[in-house]
Structure formats: C-alpha cells, structure tokens
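Below is one structure; the comments refer to it alone.
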Amino acid sequence: MIQQSIPDAVFFDLDGTLVDSAPDMIVAMRRLLVEQGGSVAGAAGIATVVSKGGRAMVRRGFPDADENRVEALLPRFLELYAGAIAEKSALFPGMDTVLGRLESRAVPWGIVTNKPGHLARALLASLQLDSRCAALVSGDCLPEKKPDPAPILRACEIAGVAAANCIYVGDDLRDIEAGHRAGMRTFAAGWGYLDGEDPRAWGADRVIDAPANLLAAFGLDER
5 MIQQSIPDAV
15 FFDLDGTLVD
25 SAPDMIVAMR
35 RLLVEQGGSV
45 AGAAGIATVV
55 SKGGRAMVRR
65 GFPDADENRV
75 EALLPRFLEL
85 YAGAIAEKSA
95 LFPGMDTVLG
105 RLESRAVPWG
115 IVTNKPGHLA
125 RALLASLQLD
135 SRCAALVSGD
145 CLPEKKPDPA
155 PILRACEIAG
165 VAAANCIYVG
175 DDLRDIEAGH
185 RAGMRTFAAG
195 WGYLDGEDPR
205 AWGADRVIDA
215 PANLLAAFGL
225 DER
C-alpha cells in the first residue's frame, strides 16, 4: 500500500462537513414558519440544502415564495438561527478524533465557509473550536465566495501554508470546484448534506464516506 503524504494543512467546509448544524437551522425554520402562519411540517426538509446557504433553506421552507419574499424572509431566519445557534449542533461523529490527530501531528486545520462571519464565529465559539482553528475565512471576509478560490487561498495565507500541499474537504460541488481552482487536493464529504447529489460526480480527488476514514486519507492512521 502506498503511504499517503501528510498534508501541510487541512481546510474544511463548516456546515455539513465539520459540524452537523442542521438541527438548529430546522428549529429556526420552524419558528419562522409559525411566525408566518405556515405549517411546520416541511421544516425538516431544509436539512439537505443547508450547505447551499440561507436562501436555499428559505426556498425549501417556503416553496411557494417568490424571490422577493425569499429575500424578505432571509434576515429573520438568520436572526432566529443566531439566537440559538448551537443548542443541538455538534461535530459529526468521529470528527473530534480527526481534529485531535491533526493537532497531535502539528498539522494546522482551518475552515473556509460561505456562512456569514458572525454566525460562523458564534458557532465555533459555542463548540469551543475557535481557539483550535488556525484559519477561518467566512462568506463576508472577501468580495468573492466559493466556488471562487480566493477564500481558500486567503485561508492558506493566514495559516502560512502553500495550497498545493493542502487538502480541502467539503460536501458541495462548489467546495470541490473552489479547492481545485486553488490548486489544492479535494475530498468530498460523503456524510454531508448532499440533497440527493452523487459526490462521485463532482471530480474530487477522493470521496470519503465517514469522518473516521479521513485519517487514512490524510496519512495519519496509526499502523
């Protein structure tokens, strides 16, 4: 078996890759639906589109809404979510072991997300991940967002590493596109919020089925 080379750093998408944040977003959507006099039955359906952003979640929760109403509802949805951002959210099973192994081998890890910065920072602080993270680039740090490579390249600058020697892990096509455009190896998170999509169609260097399998893919499994 060929030994995998250990990367200089690993960067993760946040929602659906590093953290299972859908439960708190579902609660926020239920509250918004109640406020708007709608049925809460469809709130759980937003889970599969969490990685596609707030507008996608509002569209799923309010399937009859036009784009003007989606834009009007979005701020309130995000406000409700911010008010209870980590009551049920947690690292995906096995991910804390992955982060711990990276840290024990002095491999920095960071986050590149399209999530607004105030929400990303609040979530990481609530989960006590903020002090462990070597770089956080959120959706409002730069004019560009994924699939543009600029946020990933900025994370590399913050962490002091070259993109070519790093790995980006994400659960959406735009994550893989951004990583490739940055010149980085990419792993598709098969455990993420895929909304029926096949991550094997995204052109990632590897598709990883569970967080625990990342260790071998990073060259960090214990033999």
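Our numbering applies: residue 5 is where the sequence shown begins, and numbers increase by one. Even glycine gets a Cβ: it sits at the ideal position worked out from N, Cα and C.
Same chain, Cβ closer than 6 Å to residue i, neighbours up to 5 away in sequence not counted
i: residue 87; result: none
i: residue 176; result: 55
i: residue 111; result: none
i: residue 26; result: 51, 54
Whether residue i touches residue j by CB criterion (8 Å)
i: residue 124; j: residue 153; result: no
i: residue 211; j: residue 192; result: yes
i: residue 190; j: residue 209; result: yes
i: residue 179; j: residue 17; result: yes
i: residue 80; j: residue 36; result: yes
i: residue 141; j: residue 151; result: no
i: residue 145; j: residue 158; result: yes
i: residue 78; j: residue 69; result: no
The alpha helix (DSSP H) enclosing residue i, as first and last residue numbers
i: residue 204; result: No alpha helix (DSSP H) contains residue 204, which DSSP labels as neither H nor E.
i: residue 183; result: 177-185
Residues near residue i by beta carbon distance below 7 Å, same chain, minus five either side
i: residue 5; result: Residue confidence is low: residue 5 scores 39 on pLDDT, short of 50, so the model does not pin down where it sits. Its coordinate-derived value is still stated next. Counting only Cβ-Cβ distances below 7 Å, and skipping sequence neighbours, we find nothing.
i: residue 29; result: 50, 54, 61, 85
i: residue 105; result: 219, 224
i: residue 64; result: 49, 50, 53
i: residue 21; result: 173, 174, 175, 193, 196
Which of helix, strand or coil DSSP assigns to residue i
i: residue 191; result: strand
i: residue 60; result: helix
i: residue 12; result: coil
i: residue 20; result: coil
i: residue 54; result: helix
i: residue 228; result: Lying outside 5 to 227, the shown extent of the chain, residue 228 is not represented and no answer is given.
i: residue 211; result: strand
i: residue 224; result: coil
i: residue 37; result: helix
i: residue 219; result: helix
i: residue 199; result: coil
i: residue 27; result: helix
N- and C-terminal bounds of the beta strand (DSSP E) containing residue i
i: residue 171; result: 170-174
- What residue ranges within the region 82-156 form continuous alpha helix (DSSP H) runs of no fewer than 4 residues, ordered along the chain? 99-108, 121-130
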